[in-house]
Amino acid sequence: MKVLAGVLLFLLLLLQGQLWFGQGSLPDLWRLKRAVEAQQEENRGLEERNTALKAEVRDLKSGLEAIEERARTELGMIRDGETFYQVTDGVTPEEPLPHETPSDE
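Per the numbering used here, the very first residue in the sequence shown carries number 1; after that it's consecutive.
1. Once you ignore the five residues that flank SER62 on each side, which residues in its own chain have a CB closer than 8 Å to its CB?
2. Rounded to the nearest angstrom, what separates GLN16 and GLU37 at their Cα positions?
3. Classify ARG72 as helix, strand or coil using the three-state DSSP reduction.
4. On the three-state DSSP scale, how would you describe THR83?
5. Can you tell me the Cβ-Cβ gap for ALA66 and LEU75, rounded? I've got them flagged as a contact below 8 Å.
6. Note the first and the last residue of the continuous alpha helix (DSSP H) segment covering VAL36.
7. Could you check the C-alpha separation between GLU95 and GLU48 for me, to the nearest Å?
So, in structure tokens, the structure goes:
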């Protein structure tokens with residue numbers, strides 16, 4: 001009976017060792033769960049980005065308005081006959097611009 005109890009105790013310790021320290025142990029499982037959650041979060045962000053890019057491509061393919069809007073914002077395009085006004089925040093520079101310097105005439 002003592003031998004059987006010793007064998008069972010040994011098997012219990014062996015299984016506990018595998019559970020806590022072996023391959024596929026609980027710490028490994030917890031680490032993998034955290035890695036999966038992080039990857040899923042990254043995937044959600046990338047899916048949102050892909051959706052936005054698909055919408056932008058669809059807009060660019062659908063007509064000239066999206067292309068014109070992009071050219072205006074990114075390249076500063078102005079149509080013929082339009083006047084460009086640049087609005088500043090009202091702060092004046094400390095030093096005069098080179099073309100505003102008083103000349104010695």
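Note that the Cβ used here is the ideal one computed from N, Cα and C, for glycine as well.
All values reported here derive from a predicted model rather than from experimental measurement.
Quick answer:
1. Reading the sequence shown from its first residue, position 62 is the one you call residue 62. Nothing listed; no residue qualifies.
2. Position 16 of the sequence shown, counted from the first residue, corresponds to residue 16. Position 37 of the sequence shown, counted from the first residue, corresponds to residue 37. Rounded to the nearest angstrom, the two C-alpha atoms are 27 Å apart.
3. Translated into positions along the sequence shown, residue 72 becomes position 72. Helix at ARG72.
4. Your numbering for residue 83 matches position 83 in the sequence shown. THR83 falls in the coil class under three-state DSSP.
5. As a position in the sequence shown, residue 66 is number 66, starting the count at 1. As a position in the sequence shown, residue 75 is number 75, starting the count at 1. So it is not a contact: roughly 14 Å between Cβ atoms.
6. Here residue 36 refers to the residue found at position 36 of the sequence shown. Per DSSP, VAL36 belongs to the alpha helix (DSSP H) from 26-62.
7. Looking up residue 95 in the sequence shown gives position 95. Looking up residue 48 in the sequence shown gives position 48. The straight-line gap from Cα to Cα measures roughly 46 Å.
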